[in-house]
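Notes to accompany the following structure.
Residue numbers (my numbering): 9 to 152.
Structure representation (structure tokens):
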């Protein structure tokens, strides 16, 4: 199981410098092995909304991106529902102050850990550092 945080999903939908590399990397992984959570879906919608607020996306384009995301989920991703146990573990991760985690990132890590993720994929360097400090299998997956 490969858990994708929002930063790893976003380049599949919005053109970013990492888009081609992320797509190629995910294309090499076994079908049915890619997971996100409902938290990822909310964060992705928030990213799109921010792009609209900052006038980098039109409302029409934003709606298209969200439809593409829903299709991606239906066709290629498994979606995990956060549980009370995930929130409890996320709190433990946040309380590991040296890791410097915010609640949202801690929730991603907890969901992935509680569901036995083989790898947790992210493009966020701080997330990688925090995950490694917590001894979790967090990786960038692609070259910087």
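Beta carbons are placed, not taken as given, at the ideal position from N, Cα and C, and that holds for glycine.
Just verifying my parser: in three-state terms, what is the DSSP assignment at residue 92? The residue labelled residue 92 in the question sits at position 84 within the chain shown. In the three-state reduction of the DSSP assignment, residue 92 falls in the helix class.
If you draw a straight line from the C-alpha of residue 115 to the C-alpha of residue 48, how long is it?
-> The residue given as residue 115 occupies position 107 in the chain shown. The residue given as residue 48 occupies position 40 in the chain shown. Spanning the alpha carbons of residue 115 and residue 48 requires a straight line of approximately 10 Å.
- [ ] Over the uninterrupted alpha helix (DSSP H) stretch that includes residue 79, give me the two end residues.
- [x] Taking the chain shown and counting its residues from 1, one reaches residue 79 at position 71. 67–84 is the span of the alpha helix (DSSP H), which, as asked, contains residue 79.
Cβ-based neighbour list, residue 145, same chain, cut-off 7 Å, excluding 5 preceding and 5 following:
Here the question's residue 145 lines up with position 137 in the chain shown. Cβ neighbours of residue 145 beyond the five flanking positions: 125, 126, 127 and 128.
With DSSP run on the structure shown, which of helix, strand or coil describes residue 130?
Taking the chain shown and counting its residues from 1, the one referred to as residue 130 is at position 122. Here residue 130 carries a coil assignment [DSSP, helix/strand/coil].
| query | Which whole-angstrom value is the C-beta distance of residue 52 and residue 14, which I expect to be below 8 Å? | reply | Indexing the chain shown from 1 puts residue 52 at position 44. Indexing the chain shown from 1 puts residue 14 at position 6. Yes, they are in contact, since the Cβ atoms of residue 52 and residue 14 sit about 6 Å apart, within 8 Å.
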